[in-house]
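Input: a single structure, listed below in structure tokens.
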């Protein structure tokens with residue numbers, strides 16, 4: 143049984159069969175990744191800002207659409223997306239492999255990489271966000287709405303711990319996501 147965990151900072155027992163008696167988190171959800179069964183949760187349906195864990199869906203969806211070996215040339219929109227968050231400082235016209243954007247988004251939480259993935263997959267962040275919201279609804283998310291591909295704060299950008307577990311469960315099913 144594989145478990146998917148979605149939470150704010152959380153202390154959890156190393157033994158899979160034991161649940162922590164003291165959880166320090168505003169909201170959490172532990173889900174069986176195979177069946178989707180909720181194993182334990184607290185405030186699992188409370189809406190919260192997902193921040194950079196947004197990039198789980200950004201990368202998984204991009205992997206469904208794009209070949210990681212293909213190249214992407216940075217658009218002005220993707221290269222200039224710096225709203226105080228992490229970025230790798232790509233410039234307009236610079237080219238790199240989709241695989242590098244995936245690593246930059248997931249390992250470094252680089253917003254310009256997430257924007258590049260959105261742009262490469264759908265032509266713009268706006269079009270990609272529509273795909274993100276469609277995918278979230280398709281996999282059963284009921285308390286989620288995305289406003290961007292990066293996780294930057296926005297009043298219309300929210301999710302729940304339960305929905306993040308569903309998104310992570312989906313992501314784990316996408317070929318290449320775990321690599």
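Numbering (our numbering), first residue to last: 143 to 321.
No residue lacks a Cβ here, since even glycine has one placed at the ideal position from N, Cα and C.
None of the values given here were measured: they were computed from a predicted structure.
Counting along the chain, the unbroken alpha helix (DSSP H) around residue 272 starts and ends at 267 to 280. Taking C-beta separations shorter than 8 Å and ignoring five residues to either side along the sequence, the partners of residue 210 in its chain run 239, 240, 241, 244 and 318, following chain order.
Under the DSSP definition of a beta bridge, residue 187 lacks any partner. The beta carbons of residue 205 and residue 277 sit about 12 Å from each other, so the pair does not count as a contact at 8 Å.
Annotated as proximal: residue 257 and residue 220, with beta-carbon spacing under 7 Å. Around the beta carbon of residue 180, fewer than 16 other beta carbons lie within 10 angstroms, which makes this residue exposed. In the same chain as residue 296, and ignoring 5 residues on each side of it, the C-beta atoms closer than 7 Å to its own belong to 289 and 290, in chain order. Under the DSSP assignment, residue 237 falls in the beta strand (DSSP E) whose first and last residues are 237 to 239. Cβ neighbours of residue 233 within its own chain (closer than 8 Å, five residues either side excluded): 216 and 221. Remark: C-beta atoms of residue 207 and residue 263 approach each other more closely than 7 Å. The C-beta distance from residue 187 to residue 265 rounds to 33 Å, too long to meet the 8 Å contact threshold.
Secondary structure note for residue 200: its alpha helix (DSSP H) is the uninterrupted segment 196 to 207. A Cβ-Cβ separation of about 6 Å places residue 314 in contact with residue 175 under the 8 Å criterion.
Taking a 10 Å sphere around the C-beta of residue 298, we find fewer than 16 other C-beta atoms and assign the residue as exposed. If you compare the alpha carbons of 246, 321, 200 and 249 with that of residue 269, the shortest gap goes to 200.
Cβ contact annotation for residue 316 (same chain, cutoff 7 Å, sequence separation greater than five): 202, 205 and 206, in chain order. Residue pairing by DSSP puts residue 287 in a beta bridge opposite 300.
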